[in-house]
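*Asks:* Chains as they are written, first to last, in this note's numbering: chain A, 3 to 315; chain B, 3 to 315; chain C, 3 to 315; chain D, 3 to 315; chain E, 3 to 315; chain F, 3 to 315. By construction, the Cβ of each residue, glycine as well, lies at the ideal position given by its N, Cα and C atoms.
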């Protein structure tokens, strides 16, 4: 059994109640090879369900690959819960010779214990990666290997610290994340849940930016301020938005729910809901009528090629 | 008191003589919350003044945040001078299992001691970050957390080594900076003072590039060579230039003093002083008459949006 | 003798038989200062010849720079062969507190021993960097300092593991490379030989991408999937292609042999052999008739400026 | 104020109720310079009182010695309680490349939280070192620097694990303690409270050994088994015993309460309470009549010199 | 099943042919709880048999104790052979910031591969610890946790290097072993097989010392030179000798086969075979007639107590 | 040429002026194989002469043993002076996750620079080891590998700190030395120059102990206090004393110049100059008349065997 195959074991019993995670992945069109056919249960049960999946995947991989077993036991299989595992993993990734892993571990454990919403958002992010990224080989793959996922979880803890006026510590965390993962998200930025930072290298998100739920952001994306402004000066990204690789969105502009921003676009203007912005500088191109999918979830960021080509060339 | 607030303590007495650091930040328009109201003294006294600020900030933060105190004592408060602190911090960031921190520390201490201009440039960079970046919470924040700042300081030491024909060591430093900070500046490149690399991830600056004083460069910016050329083949950036995120400037072109390069632009041509280049490929758009600000200092990199939009759409 | 100068010592005797490595670097046009005048011997002998060069360079540098000697002995001079040196270097770069260097070293040594083609590709990559990158100071410089080179070698080992269905280990390697070098290449991607990733920060290459031989790819380049597709969904890059900094190529498109993609371009379409694509979205501009050079080897990625400017402005 | 001086600050208010810690240190004979004049309160309050002392000492030392401040904040001042500080310190001492500090920290925190008696014994040990060892400069000195103290605390946790049948983990802890502190105490050994291992190098205590309360053991002491026996085969040390440097006690013998064993003695026989054993092989010499001190507390291990000399020469 | 219980699993099938390992442990007198009832097969098969035992033990412990699983996979279960596991473990124990683990690993792997006798001696040592030390919980316990065992294996490799005139490397190994394990054995010393260094702290064995087969040496034992001599100046220890804790044997004296040296003895004279030396200075006491056991194997180091007491007091 | 052979190279020119280092090693009796025939020059020149020897030895060894070259360059050959090399080596040995190597390096460099007598004592210690220990393969061997030598140098720096009332830092150093080298010397103890701690494991020297010049102390030696005393309570060791392995000297007793203490002795009484104490408890045995050697220098610690035996049995 390879890493990418669905996993059904006694250790991870399927919930009886089944819910479709998003309209864009209806069961009928499921590619059994790539998308999990076991939609996760809702809300409270999600965390333990995902955790049981992660452990089952890690156990399977540890058995098949002794060279990785030590890593999998240290990061997953020796832990009692997802938040312990995540805290351990983040602490070992982000520690340095002057910021010890035990200190960070303490910090993450305490923050995750005190803020169930941060834990829930992590679970939603895992589900997002699993259902949206065809290269995602499993929940454990995302938890252990996706630097976008890890950067966002660390930012959420930094966000909590920021809100508690523990700003120097929040900024130190931001700095370590920026160095280790090359992802630079200001602790004050508000990041929704079910967010996917795919590949993630070079993502920069500014202090007053807001990112909605179920947003997908590719690498090299900037949600930047405009140099001359102070105060509220960064983009507001609606739910379900998809932002292509290398897109640069500057200023306190609104990208409406369900909008798409093409790869390499430079966006300095508002983008209405469910519309698409492409080019440098970005211009708007019409969305297909009747489309009700959320591109941040469907990851359909090339359906506009045809239109765009029509429009721009 | 939060990290971003101005700091006035006995430990950091305000200089009596006050000077405006740049025309673009006149006292009248100061936002007391975000921009320091204590313009630094001139030249020689700068270093000790900034150092006293950094220590006061670190002391305040260590007191308020025990979890960070160990870090702040190790990096700042146990050191006798800014160059010791910076050397320690760089050495611990850039060391690896085959390049020990003690070796790097020795190298940085010796280089900074022997080259006051490198120390002065570091101070100017700190002042630049503090006055230009609204997200900068203080000098200590920049010293400790800005990978752009740290990368530039390490490059200046590498530049000294390069000039001394200690090229393999200079290249090894470049390599470590490129890995640790994702900032790749050739040791031979000449970087002015008062330079701000904001966010900094992915910045690439080639061997024969020249960057003037008071330049601001956002992340993902390339000052690249043109593959076919040898010899002098990289851009020359004038004083006070502002280069937006993701801009790519290629070849031995001149970006005149006070010019702006829009985010995401691809620039293959000279850009006259105080003009603006935007787009892919970049075209020039007129600067406002009478403007005498230096965008590299004001960070006003969106004032051209209106013109650009007018021009291009 | 500086790091960039050619090196001729008894330790690295010149092969008698001389072969031109590529049409684009004919002996007549050699700049003796920058391009090695000692074309390497063919196939089997390449590895030992390059290894002898690397050792001679490292010995020269160790002698001239005691501060670097420990590093050079640890990484090069204490090893019996290129694959041992490379395995050691990669293991120490990619190890973490949960993935020990000894484990990775074992893995790399075993993989390189079992797959001569992976070793041969590494040698071809070293030759490519040395002949194409004017900033390359020597083979040792590339081996030790080029994160693009190191990332590709690690990916080749991950590719072998992937093919052996050791996917979790392959993905763990990918993850470490993405963190340490900010280069994210899926283990399943097929990468040719003689490949140069210059600067390399932010390069992303997807699962079903194919990169031919003698391709040169600058930093920030994406060979991405299109979100809506599953299966074969990434670009196919022909031999000798040159892709400029920041270019984004999306979808299962073909970039023909000898084609050029301009910096910052967003390519969603096929690009015919020996043609050039520029702009966002990219359009094709004519190649010069009679040109038979391979731009991936000549690195001539600005010869199209004139045409492009003509064409686009 | 030097490290060894008593410390009275608001941070460490003196308990109103005063109790004499042992008969051997009556207030009248207190040397104010060396023995604390502030006998600790009883039982439950001890831990918080000692912890407040430790924090006050660490704060004083951090202020006086910036070079040590980072260490003191990391190990003491950033922690909320003695058991957190101790867990952190032990984890960072005992961790290795294959036993991560976060794992050990978790283990110590959980064990100390679940077993108040282990915490109480640690407090008693701190008090013992402070009152018995003239070289002890304070509670923080003992907590941070006494490898005997640290070894015993780790053994107590290993003892808990042993009792829970988590034997491989207990043995792994024993092994790390033996390597790091050169103190080898079997997890199954029962160690009382108020125990002082002074200097501690080379102490070996076997599986079925029992050490009573308020025992003082110098370095190089062996409580060994006899090779031919299995089962209960190690010494039983009564309360208040003092064992001099290099003494070797072998077999299931009883050292009665308040007995002394001379330095370098080899003891293969029972030693009655309040008597003294010296020599190789050890013989008994009479205790002074009317003596009621416990030598393990008074550390009076040379008062027998006169008698011994009389007796043996 | 606890750590100390015998282990019989399919993974570790019992050899059909059974051999008695030594006269001192006849099957009839076996205590099934403490001594393995599965005498190992002879010579060539020993290594694989012991290795299969070790793996079975490690697998059992990893399953029972997730907190230790990562350690057990890293050190044992991910390795293909005992010599790989041992090399990995030694390399990670003995490495330092200036002697990298990969270098040491390479060295140990190569030495063990080239010298089957060193591997065979390691196996004999494991069998010795397992059968002689009642506290030994299994082969894996010894391999992973016994610093005496590990020190001897490293010395054997250093001995090989010494014989190859690679003396500086041999001495560097000795130094690391002395620091990490507090066991100082000169690389030139000749150590037999089936040797047990129990507890091991403080053992010192000089350059020209010889230690026979099946010798047991407790901690703090010195086989020292006499300061005035050069050349052959250290003790020669016969087969099956038992040396008690803290014994000091000085000069080129002979301790005959099967002799015992009492704990704490200072021996400056030859000790005939099967006799016992005790005291400071040591005197000889008669061995029991008819005794044919080898005390180094039976570990009977207190049977002389009675005689000694009779004799000396 | 093996490690132990004398070294004569141009890099280490022999001083013209020759001085006899001590009466006990007259040129006539020199064993050319083991004792250096190049007595070092006097006082000021010693340091540079020894340093040139060390570098020559390290260069020879680095050339002969590539596997050690990295270590030798890092510790010796990259440094400009003996005190830099020593500071680097000590810092890397004694650092921990909470006491960084750069901090310790700074401390050692500053202390050695400010206290030439500490440097001079280090040189005298190197000469002592080289001339007294037949197993000493060279100055570099001692500098790099002798934990007794390294422990004493660290103690001398701690002693300086203690004298400067920087006691917590001095005690922290003591603690690290006790852990890393298993040598526990109180910072307040006064240690003379030309001191040899041979093997050194387990040496304990108390707060008010004094050790004269040219003293040799074997491993497991205790210069302990007597528990009941406060104030001046530790032994005073005269010049040229030799203390055998495992000797325990307790209380404020005087060991006269040139005295010998036998291995394993327990000394509670004064020992007159040039006399010998042996046994447990130690008794005095007559020195040979006319003897004028200093045993601490000649290391003749068994010449008393005959007398002792005569006397005691």
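1. Would residue 300 of chain E pass as an interface residue toward chain A - the criterion being a Cβ-Cβ separation below 8 Å?
2. For residue 267 of chain F, return the contacting residues in chain B, with the cut-off set at a CB-CB distance below 8 Å.
3. Within its chain, find whatever has a CB closer than 7 Å to the CB of residue 135 of chain B; leave out the 5 residues flanking it on each side and keep chain order.
4. Which complete alpha helix (DSSP H) runs does the stretch 104-177 of chain A hold, if anything under 4 residues is left out?
5. Which residue spans inside the stretch 190-271 of chain C form an unbroken beta strand (DSSP E) run of at least 3?
6. Between the beta-carbon of residue 259 of chain F and the beta-carbon of residue 243 of chain F, is there less than 8 Å?
7. Using the C-alpha atoms, what's the distance from residue 224 of chain B back to residue 263 of chain A?
8. Give the interface partners of residue 102 of chain C over in chain E, defined as CB-CB distance under 9 Å, in chain order.
9. Can you tell me whether residue 247 of chain D is buried or exposed, with buried defined as 16 or more other CB within 10 angstroms of its CB?
10. To be precise: take each residue of the stretch 238-261 of chain E, compare its Cβ to all Cβ atoms of chain D, and keep it if any distance is under 9 Å. Which residues remain?
11. Would you kindly report the start and end of the unbroken beta strand (DSSP E) that includes residue 279 of chain E?
12. So, does the CB of residue 107 of chain F fall closer than 8 Å to a CB anywhere in chain B?
13. Closest to residue 208 of chain A by C-alpha separation, out of A:231, A:106 and A:195, would be which residue?
14. Alpha carbon to alpha carbon, how far is residue 149 of chain B from residue 235 of chain F?
15. If you check the beta carbons only, do residue 156 of chain F and residue 202 of chain F fall under 8 Å apart?
16. Mind checking whether residue 237 of chain A and residue 211 of chain A have CB atoms under 8 Å apart?
17. Would you mind telling me which residues of chain F sit closer than 8 Å to residue 80 of chain B, beta carbon to beta carbon, in chain order?
18. Taking the alpha carbon of residue 143 of chain E as the point to measure from, which residue in E:165, E:271, E:300 and E:70 has its own alpha carbon closest?
19. Assign residue 65 of chain E to one of two classes, buried (16 or more other C-beta atoms within 10 Å of its C-beta) or exposed (fewer than that).
20. Measure from the C-beta of residue 150 of chain F to each C-beta in chain D and report whether the shortest distance is under 8 Å.
21. CB-CB under 7 Å to residue 99 of chain A, same chain, minus the five flanking residues each way: which ones, in chain order?
22. Does any residue of chain A have a CB that is nearer than 8 Å to the CB of residue 297 of chain D?
23. Within the 8 Å Cβ cut-off, does residue 154 of chain E reach chain F?
24. Mapping the DSSP letters down to three states, classify residue 273 of chain B as helix, strand or coil.
25. Pick from E:180, E:184, E:190 and E:178: whose alpha carbon is nearest that of residue 168 of chain E?
26. By Cβ distance, which residues of its chain are closer than 6 Å to residue 298 of chain B, with the 5 residues on each side in sequence left out?
27. Judging by CA-CA distance, which residue of E:286, E:128 and E:166 is the nearest neighbour of residue 275 of chain E?
28. Please confirm whether residue 176 of chain C and residue 187 of chain C have their CB atoms less than 8 Å apart.
29. So residue 167 of chain E contacts chain B; which residues on that side make the cut at Cβ distance below 7 Å?
30. Please check the pair residue 75 of chain A and residue 72 of chain E, which I expect to be a contact at CB under 8 Å, by giving their CB distance rounded to whole angstroms.
31. Please state the DSSP three-state secondary structure of residue 84 of chain E.
*Replies:* Well, looking at it:
1. no
2. Residues of chain B passing the Cβ test: none, with the nearest at roughly 42 Å.
3. 198 and 200.
4. 118-134, 141-147 and 149-165
5. 224-226 and 250-252
6. yes
7. 23 Å
8. 76, 90, 94 and 103
9. A buried status is given to residue 247 of chain D, since no fewer than 16 other beta-carbon atoms sit within 10 Å of its beta-carbon.
10. 244, 246, 247 and 248
11. Here the beta strand (DSSP E) through residue 279 of chain E covers 278-280.
12. yes
13. A:231
14. 55 Å
15. no
16. yes
17. 105
18. E:70
19. exposed
20. Using a CB distance cut-off of 8 Å, residue 150 of chain F does not count as an interface residue toward chain D.
21. none
22. no
23. no
24. strand
25. E:190
26. 216, 217, 218, 242, 243 and 244
27. Considering only alpha carbons, the answer is E:286.
28. yes
29. Simply none; closest approach about 27 Å.
30. 4 Å
31. For residue 84 of chain E, the secondary structure class from DSSP, reduced to helix, strand or coil, is helix.
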